[in-house]
Structure formats: structure tokens, C-alpha cells
Amino acid sequence: MLNNIKTKSSYIFYLSCVVAFAGAVAAAQFVSLPVIISVFLLLIGVAAAVSNVQVKQGAAMTAAIMIGFPCYMKLSDYIQVTLNESHEWSIIVSRAGLIGLLVPIILVQIGFKLHRQWLAPGSFAGPVYFPFILKGYIKDPVWRFLIIFTVITIFSFVWFIDWRKDTLGQLLLYGIAFGLINGILEEILWRGYVLSGFTGMFGEIKGIFIAGTGFGFYHFHLGFGWEICLLFAVFGWMMSALAVQSKGLLPVIIMHIIMNILFVLSGMIF
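Here my numbering runs 2 ahead of the position in the sequence shown, where the first position is 1.
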């Protein structure tokens, strides 16, 4: 009986963390700066006052996301306004504004001693299972999974690319540049720090779910609807699981860059 109560309490606490973190990611994109600062100070106060390690670390991580979002948006806007380049290049380089979101996460990781186990190159030889990456009936190495993923993804996007465009080569260049800046920074942020932090708190499967969900909702400010953000959450779970299986970021960075290139070629970015 006592064990059932503890299990139920643990489950409720975890769901509360999922809702709080995903809600913070979503809210930071809509609410005013004074509200963000107020919530940030409240969460930091909770993190400093409580003794429960999971509550302390979860509150600190959520606070970092809240305060990091306006820093990221302001830095991105500043880069776009300051950069005297074409519309495409200003958007591409402005993705470096993610540093504004990354810095508070890094400070929280240092200050509250969060895990960063996936902040490593990783291995292409680790096992990936079909259909759920972590578990399944078919076992393959990461490198083969990436090849299969690339072929399927290209085939899925090939119908949405206008191959008659004279600017296709230029778009490919834009896609590579966008993928390198955006893909690397987002993976360091979401898999290197956020995923590492939450898997350290809750274990791999629960950490994958909460980090992937936050990653999905984060895309709303980029102009995607809620249904697309839910799809991004699914991709977030998949990439988080791949980071766990490869024990690092390089495979998911490659995966992310490939998708970003195809997004640009298909007209989703520009």
C-alpha cells in the first residue's frame, strides 16, 4: 500500500514537471518581460529554498528557459537588424541568437550541478532498435539508422522541392549554412544540456519525453502551428532517444542538419 502511494506521488510529481516545463517553454514565447522576470525570480527562489534535489534542479532548469527566451529573441532581432545582408543571410546568422538561450542553461548546469552526460561527440556504432530506438525487434548500428533515415526523409521531401528553380544551388547553400548554425546550437541546447539535465533527474525514458516535448513547443515562435509543434515534439523524442543510444550529439547533429537543409529547399524557412 505504501509503495503504491509513493509510486503514485512520484508519477504525479513527474507529470507536474512535464506540464511546468512545457508550459514555461510555451509561455515564454507569449507573456510580457515583467511576467517572465517575476516567474524567473519565483522559480529561482524555489530552487534555492527546497531541499528535494529533483524539485531544485527542475525549478532551476525551468527558470533558465524562462529568462533565456527573451535573451535569445532580443539577440536574434539585434543580429537581423544590425546585419547588412540579404533577408536569407540575416535569418541564417540570427540563429546564433540561440546563444542567448544557451547561456542561462549552462549557468544553471554549473550552479546546480546538473548532469551533462550527452554533451559529448557520441558513437556511430551504438545500437538502435526498430521501431522505438530504445527498444524494438530489429537492432542496427547508429550509422545504418542515419542512412535509412536520410533516404526516407529525402524521399518524403523530394515532392515538395521545385527542382526547376534557377536558385536551387543558392538555396542549397542557404540550407547548409542554416543547418550548421541552427542544428549545432539547438542540439547542444536541447540534447546536450536539457536532455542531460532531465535524464539525470528522472531517468532516460522520462527525460526523453520531457526534453522532447519542450523542444516541440519551442518551435511555435518560429511560425509553426500547434499541430506542427506536436510533430516536432515527436521528432524531439526520436532525436533524444538517438542521443541516448549514441551517447552523444554528433549523430543527432547530422540528423538535424539534414532536416534543416530539406526545410530550406522545400520553402519552409524562406
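Beta carbons are placed, not taken as given, at the ideal position from N, Cα and C, and that holds for glycine. Since this is a predicted model, take the numbers as computed values, not measurements.
When the Cα atoms are used, residue 68 and residue 166 turn out to be separated by approximately 44 Å. Counting along the chain, the unbroken alpha helix (DSSP H) around residue 177 starts and ends at 170 to 180. Counting every other CB atom within 10 Å of its CB across the protein chains shown gives residue 40 a total below 16, marking it as exposed. Per DSSP, the continuous alpha helix (DSSP H) segment holding residue 238 begins and ends at 228 to 248. A residue is called buried when at least 16 other Cβ atoms come within 10 angstroms of its Cβ; residue 112 does not meet this threshold and is exposed. Residue pairing by DSSP places residue 157 opposite no residue, since no beta bridge is assigned to it.
Taking C-alpha positions only, residue 136 is separated from residue 240 by approximately 9 Å. For the pair residue 209 and residue 201, the CB atoms are nearer than the 7 Å cut-off. Pairwise C-beta distances place the stretch 147 to 163 in contact with the stretch 261 to 268, as three or more of them are shorter than 8 Å. For residue 211 against residue 20, the beta-carbon gap comes to about 7 Å, under 8 Å, which counts as contact. In this structure the stretch 239 to 254 touches the stretch 183 to 198; the number of beta carbon pairs closer than 8 Å is three or more.
Judged by DSSP in its simplified three-state form, residue 269 adopts coil rather than helix or strand. One alpha carbon belongs to residue 169, the other to residue 184, and they sit about 22 Å apart. Fewer than three beta-carbon pairs drawn from the stretch 110 to 124 and the stretch 214 to 234 are found closer than 8 Å, and the two stretches are therefore not classed as touching. Contact between the stretch 72 to 85 and the stretch 130 to 144 is absent: fewer than three C-beta pairs spanning the two stretches fall below 8 Å. With a contact defined as Cβ atoms closer than 8 Å, residue 190 and residue 251 qualify at about 7 Å. As computed with DSSP, residue 132 is found in a beta bridge with 140.
Residue 106 counts as buried, since at least 16 other C-beta atoms from the protein chains shown sit within 10 angstroms of its C-beta.
Nearest in C-alpha terms to residue 219, of all of 66, 98, 24, 73, is 24. If you compare the alpha carbons of 118, 260, 130 with that of residue 177, the shortest gap goes to 260. By the Cβ-count criterion, residue 262 is buried, with 16 or more other Cβ atoms from all chains shown falling within 10 Å of its own Cβ. Here the C-alpha atom of residue 12 lies approximately 15 Å from the C-alpha atom of residue 58.
Ranked by how close their Cα comes to the Cα of residue 27, the residues 134, 247, 119, 66 have 66 in first place. Excluding its 5 nearest sequence neighbours in each direction, residue 96 has C-beta neighbours in its own chain below 6 Å: 78, 81, 82, listed in chain order.
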